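Those sequence lines, one after another, are chains F and X.
Residues 1251 to 1464 (the working numbering) make up the first sequence, in order.
Residues 1251 to 1464 (the working numbering) make up the second sequence, in order.
Let me begin by presenting the structure, written as structure tokens, before commenting on it.
Protein chains: 2
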Amino acid sequence: MAKHKDEKEGMELSILNVADELFMEKGYNGVSTTEIAQKVGCNQALIHYYYRTKANLFQKVFENKLRFLISLFEVSEYEGLSFEDKLKMRIESHFDALAQNPKLPMFVLNELKNNPITIDLIRETFKNNVPYLTGSLEKELQEEYKAGRIREISALDLMINITSLNIFTFLTLPIMEYVFGLDEESTNMLFEIRKKEIVITVLNSIRPIKDSNK
Amino acid sequence: MAKHKDEKEGMELSILNVADELFMEKGYNGVSTTEIAQKVGCNQALIHYYYRTKANLFQKVFENKLRFLISLFEVSEYEGLSFEDKLKMRIESHFDALAQNPKLPMFVLNELKNNPITIDLIRETFKNNVPYLTGSLEKELQEEYKAGRIREISALDLMINITSLNIFTFLTLPIMEYVFGLDEESTNMLFEIRKKEIVITVLNSIRPIKDSNK
DNA sequence: AGAATAATTAATAGAGCTATTAAACAAGTC
DNA sequence: GACTTGTTTAATAGCTCTATTAATTATTCT
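What follows is the structure in structure tokens.
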């Protein structure tokens, strides 16, 4: 009956999934509708039948990715934990989510540069979400600061620091893998080492500063 | 006599410079030899006359960029300064150099993904330079650690931390500029704020950890 | 000046890509 | 069975790009 792999998913969805996979790997410009069609096992025109243009199809994929990235910052409440432990959990879960999608950061940055449509999508996503996401953290930070348990730092700065450290790991992963010839196991080890270091770095970096501010 | 802007530089150099500019802005795939020729003001075939292939021309540009990036890690000795002050200088000068070439990090990462040739160039550059670059820092870190002035951390981890924080600033710059509509002045202000925060973060992050390791 | 070499151009072959069009096919409905 | 609607395909127009070729112009050398 159905010609393609998963009996279930129709061609329309099949195309989206294959497009997702290929775009993630080679970026918008690196993939042709012909290539997508080949991998799906259908005629190239069918892609245009369902999605009209390549840009359109891409946008659907990209929006999904952005939604996922934003979701990483949503606060799962770890009730009853100290601020430090909560922060540690957040850093680690952010890191772990990236580790499960290691190509994602590079992909998004890449398209941000090469694909004019994307910056508008990113802009909208950010405008809608950032204030909401920093809000609760900001309150906690102020409490901790007043109690003398951390130095003064804005929620935005802290989030940028964490994001920088976490994401950079995955941006440079292709280099690491290639330069050191890492297999999957050693890659995972590298992840664990790096994750620990990042947690220590961030937690230590917000400890209160002595007043001897020569 | 000469048809093009700077009387001095011959066509060959002119082409290289224009290629540099355009590749930095739009990446390898985003630029055609036709476009380069137009901007130089010469015939498209001339580019192939001097550089044979587009890939060849690109490689010349890219190698220059890598050389520059590596040079950022070379240690200028600030004699007589404390370790902390020296480290601060290093972080700031790394940041400043990037601030003067804000498109460079994105460009390199971008090509790393899209342009198979580049990973080999990067690999070679790294293999040749990293051990040499971490060497002297490693020694200093050990001294400081023994003296109880910092926590234990490897030179590589510290360099990755600094690089992550600095580079990420510039990777997300296009987003910042677009989302907040930054002009040049406010961009510079943002740089200064971020630079200060990074210095504090890094210095604080390596302070010794109390033994109460509950 | 005239010969040899270098720089530059016009023209185009050859390839790949997107999007469109018109036709073929499948399946259900009356 | 003919009609309708949705799905899929083959064919191709039209574009852009790289690289080559052969011809033209400029420069250098003797």
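Glycine included, C-beta positions come from ideal geometry on N, C-alpha and C.
Everything numeric in this text was worked out from a predicted model, so none of it was measured.
Report all residues from its chain with a CB closer than 8 Å to the CB of residue i; omit the five preceding and five following residues, and keep chain order.
| i | result |
| --- | --- |
| F1323(X) | H1344, N1379, L1383 and M1409 |
| Q1309(X) | I1367 and L1371 |
| L1354(X) | M1274, K1315, F1318, L1319, L1348 and F1420 |
| M1261(F) | H1254, V1290, C1292, L1296 and Y1300 |
| G1398(F) | P1458 |
| S1321(F) | none |
Reducing DSSP to helix, strand and coil, say where residue i ends up.
| i | result |
| --- | --- |
| P1458(X) | coil |
| D1433(F) | coil |
| Y1328(F) | coil |
| N1365(F) | coil |
| S1264(F) | helix |
| F1312(X) | helix |
| I1450(F) | helix |
| P1352(X) | coil |
| F1323(X) | coil |
| D1256(F) | At D1256(F), the pLDDT of 39 sits below 50, so the modelled position is not reliable; the number obtained from the coordinates is stated separately. D1256(F): coil per DSSP, three-state reduction. |
| S1414(F) | helix |
| T1419(X) | helix |
| T1303(X) | coil |
| A1397(X) | coil |
| N1463(X) | For N1463(X), the predicted structure reports a pLDDT of 44, less than 50, and the residue's modelled location is therefore unreliable. A value from the coordinates is still provided. Note: N1463(X) maps to coil in three-state DSSP. |
| N1293(X) | coil |
| I1465(X) | Only positions 1251 to 1464 of chain X appear in this structure, which leaves residue 1465(X) out of reach. |
| M1251(F) | Caution is warranted here: a pLDDT of 30 is assigned to M1251(F), below 50, making its placement in the model unreliable, and the coordinate value is therefore given only provisionally. DSSP places M1251(F) in coil when its eight states are reduced to three. |
| S1205(F) | There is no way to answer for residue 1205(F), as the model of chain F reaches only from 1251 to 1464. |
| V1358(F) | helix |
| S1343(X) | helix |
| V1380(F) | helix |
Quick one: is residue i near chain F, going by C-beta distance under 8 Å?
| i | result |
| --- | --- |
| K1464(X) | Any reading at K1464(X) must be qualified, since the residue scores a pLDDT of 39, below 50, and its modelled position is unreliable; no value is offered. |
| P1424(X) | yes |
| N1279(X) | yes |
| E1373(X) | Per the sequence shown, residue 1373(X) should be read as Arg rather than Glu. With 8 Å as the cut-off, R1373(X) counts as an interface residue toward chain F. |
| D1270(X) | no |
| T1451(X) | yes |
| M1339(X) | no |
| E1394(X) | no |
| M1356(X) | yes |
Can you give me the Cβ contacts of residue i inside the same chain, cut-off strictly under 6 Å, excluding the 5 residues immediately before and after it?
| i | result |
| --- | --- |
| E1394(F) | F1333 and I1400 |
| T1284(X) | Q1294 |
| V1311(F) | A1269, D1270 and F1273 |
| L1307(F) | A1269 and Y1301 |
Give me the Cα-Cα distance between residue i and residue j, rounded to the nearest whole angstrom.
| i | j | result |
| --- | --- | --- |
| L1319(X) | L1348(X) | 9 Å |
| N1279(X) | V1290(X) | 18 Å |
| L1272(X) | N1416(X) | 24 Å |
| P1458(F) | N1454(X) | 9 Å |
| I1265(F) | N1293(F) | 11 Å |
| D1270(F) | E1313(F) | 11 Å |
| D1433(F) | T1413(X) | 25 Å |
| T1451(X) | V1452(F) | 8 Å |
| V1268(F) | D1407(X) | 37 Å |
| F1441(F) | L1362(X) | 21 Å |
| D1364(X) | L1331(F) | The amino acid occupying residue 1364(X) in the given sequence is Asn; Asp does not appear at that position. Approximately 44 Å, taken between the alpha carbons. |
| F1430(X) | S1326(F) | 28 Å |
| K1460(X) | E1402(X) | 12 Å |
| N1351(F) | I1448(F) | 18 Å |
| T1422(X) | S1282(X) | 26 Å |
| M1356(X) | R1340(F) | 27 Å |
| S1436(X) | A1287(F) | 46 Å |
| L1240(F) | N1411(F) | Missing from the structure shown is residue 1240(F); chain F here goes from 1251 to 1464 and no further. |
| K1377(X) | L1263(X) | 30 Å |
Is the Cβ of residue i closer than 8 Å to any Cβ of chain X?
| i | result |
| --- | --- |
| F1312(F) | no |
| M1417(F) | The question names Met, but residue 1417(F) in the sequence shown is Ile. Closer than 8 Å: yes. |
| L1316(F) | no |
| T1303(F) | no |
| K1363(F) | yes |
| Y1300(F) | no |
| R1457(F) | yes |
| N1306(F) | no |
| D1335(F) | no |
| L1359(F) | yes |
| L1266(F) | no |
| Y1428(F) | yes |
| F1441(F) | no |
| S1411(F) | First, the amino acid is wrong: residue 1411(F) is Asn here, not Ser. Chain X, which has a Cβ nearer than 8 Å to the Cβ of N1411(F), makes this yes. |
To which residues of the same chain is residue i closer than 7 Å at the C-beta, ignoring the five residues directly before and after it?
| i | result |
| --- | --- |
| R1444(F) | T1419 |
| N1463(X) | In this prediction, N1463(X) has a pLDDT of 44, which is less than 50 and means its spatial position is unreliable; nothing more can be read from the coordinates. |
| K1336(X) | Y1328 |
| A1405(X) | T1384, L1387, E1388 and L1391 |
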